[in-house]
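Per this note's numbering, the very first residue in the sequence shown carries number 357; after that it's consecutive. Note that CB positions come from ideal geometry on N, CA and C, so glycine has one too.
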Amino acid sequence: MRFLPIVFAMMFAVPAFGQEPALQKGQEAAEAFVTGQFAELWDEMSPPVQALFGDIAGLEQFHQGVTDGFGAETEILSEHVTAIGDVSVYSRVSRWSLSETPLITELAIGPDGEIVGFRVQPQPQLAESDYLDYDTKAELTLPFKGDWLVVWGGRTLETNYHAVHRAQRFAIDVLISRDGNTHAGDPSVLENYYCWDEPILSPGKGTIAAVVADLPDNAIGATDAGNPAGNHVVIDFGNGEFAFLGHMRQGSITLKPGDEIAAGQELGRCGNSGNTSEPHLHMHLQTTPTLAEGEGLPAFFNDYRADGALVERGEPQAGQTISATD
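Rendered as structure tokens:
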């Protein structure tokens with residue numbers, strides 16, 4: 357069984373499609389999937405989403421996998437629409453005949469009504485955490501220059517899908533968006549994405565604990581689930597906090613374990629390696645230097661702007677455009 361991540365092809369300040377049209381669009385698309393109207397659903401999907409399936413036969417195969425594993429949809433428990441930047445995400449929780457756990461169907465709908473993301477999976481639950489009241493010890497600054505959009509960030513599943521994982525409970529994903537787009541021109545060309553090859557900076561003073569640097573960057577539509585963080589750096593701040601910065605460009609990281617680094621020092625370049633659908637930066641704090649073997653920690657950053665407003669200390673939230681103050 358494979359579950360597809362939402363692919364965000366377009367997002368920015370205020371949702372242009374509107375909540376009511378998005379709700380209707382989501383309902384219609386979900387019904388098309390459930391009832392096997394594949395051609396109709398396929399025509400509504402953006403090219404990056406189509407690429408995840410390969411072709412319409414891949415969509416049919418995915419549907420078959422869902423029905424083989426979970427049966428037929430028997431009852432809709434809830435529906436709602438959440439705005440994340442310029443994208444409206446329709447979420448539908450329903451019961452299925454072969455599953456004790458409800459399934460959640462999510463469709464991300466762009467401002468023009470195109471389906472820019474699609475996912476079906478058992479309803480996730482927030483990971484337990486003993487660190488909800490934790491105050492970050494390291495003095496963190498944003499790990500990039502210029503304006504970046506927070507795609508995922510916050511403490512709810514609606515705003516941060518990472519929150520199902522204990523180690524990534526407070527993670528953020530960021531990228532660059534201009535005029536409602538994350539790229540210019542052909543979306544299949546990595547170099548067309550605005551954040552591609554942008555410098556990724558150390559968010560604080562520390563020591564390099566681990567590095568992966570030689571994984572290939574994925575073509576759009578391909579992912580590397582076996583290496584979820586892709587090319588990445590782990591920073592030990594010397595206080596029980598370890599920062600993971602992932603999905604960097606192949607060959608762009610020249611640091612080695614044991615290297616001392618300063619806040620603002622370049623770590624590598626933004627890429628598309630690992631389990632990612634398009635170029636972006638993933639960052640989170642946790643209690644160990646080993647991915648998925650620690651407890652996630654809140655990451656409070658100092659002195660940045662969120663949607664133009666000065667934030668002396670805070671956690672970036674999904675939908676915000678953030679930038680360093682200097």
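CA-to-CA distance, HIS638 to ASN631, given in whole angstroms: 11 Å
CB of ARG511 within 9 Å of CB of GLU651, strictly: no
Where TYR517 sits in the DSSP three-state scheme: helix
Contacts around LEU454, its chain only, beta-carbon distance under 6 Å, and the 5 residues preceding and following it disregarded: PHE426, GLY427
Element boundaries [beta strand (DSSP E), containing ALA565]: 562–568
Environment of GLU616 [buried if 16+ CB atoms lie within 10 Å]: exposed
For LEU513 and LEU463, believed in contact at Cβ under 8 Å, the rounded distance: Contact flag wrong, Cβ pair sits at about 16 Å.
Cβ-based burial, MET357 [other Cβ within 10 Å; buried from 16]: Residue placement at MET357 cannot be trusted, given a pLDDT of 25 that sits under 50; the coordinates are not used to answer.
Among LYS612, GLY602, ALA578, the one whose alpha carbon lies nearest that of ALA566: LYS612
Residues bridged to ASP468 [DSSP beta-bridge criterion]: Per DSSP, none; premise fails for ASP468.
Whole-angstrom distance between TYR487 and VAL443, CA atom to CA atom: 30 Å
For VAL390, three-class secondary structure by DSSP: helix
Rounded distance between the beta-carbons of PHE474 and VAL405, thought under 8 Å: Taking a contact as a CB-CB distance under 8 Å, the pair VAL405 and PHE474 counts as one, their CB atoms being some 6 Å apart.
Whole-angstrom C-beta distance between VAL390 and GLU429, which should lie under 8 Å: 5 Å
Distance between HIS539 and GLY466 (C-alpha atoms, nearest Å): 14 Å
Residues of its chain near THR338, where Cβ-Cβ distance is below 8 Å and the 5 sequence neighbours each way are ignored: Past the edges of the chain, shown from 357 to 682, lies residue 338, and the structure says nothing about it.
Cβ-Cβ distance between SER533 and TYR550 below 9 Å: yes
Beta strand (DSSP E) segment containing GLU416, residue limits: Element bounds for GLU416: not the beta strand (DSSP E) but the alpha helix (DSSP H), 412–426.
Exposure label - ILE436; buried when at least 16 CB within 10 Å: Looking at the sequence provided, one finds His at residue 436 rather than Ile. Exposed is the call here.
C-alpha gap between PHE695 and VAL545, whole angstroms: Within the shown structure, residues of the chain are numbered from 357 to 682, placing residue 695 beyond reach of any answer.
Beta-bridge partners of PRO555, as assigned by DSSP: ARG625
Presumed contact (8 Å Cβ cut-off) between PRO543 and ILE576, rounded CB distance: 6 Å
Ordered list of beta strand (DSSP E) runs contained in the segment 591–615, each at least 3 residues: With a minimum length of 3 residues, the continuous beta strand (DSSP E) runs that stay inside the segment 591–615 are 598–604.
Three-state class that DSSP yields for ASN548 in the structure shown: The DSSP-derived three-state label of ASN548 is helix.
Distance, THR677 Cα to ASP663 Cα: 5 Å
Residue environment, LYS381, which counts as buried when at least 16 other CB atoms sit within 10 Å: Around the beta-carbon of LYS381, 16 or more other beta-carbon atoms lie within 10 Å, marking it buried.
Option in ASP553, GLN673, PHE657 with minimal Cα separation from LYS493: PHE657
Cβ-Cβ separation, GLU400 to ALA385 (assumed contact under 8 Å), whole Å: 6 Å
Helix, strand or coil at LEU397 [DSSP, three-state]: helix
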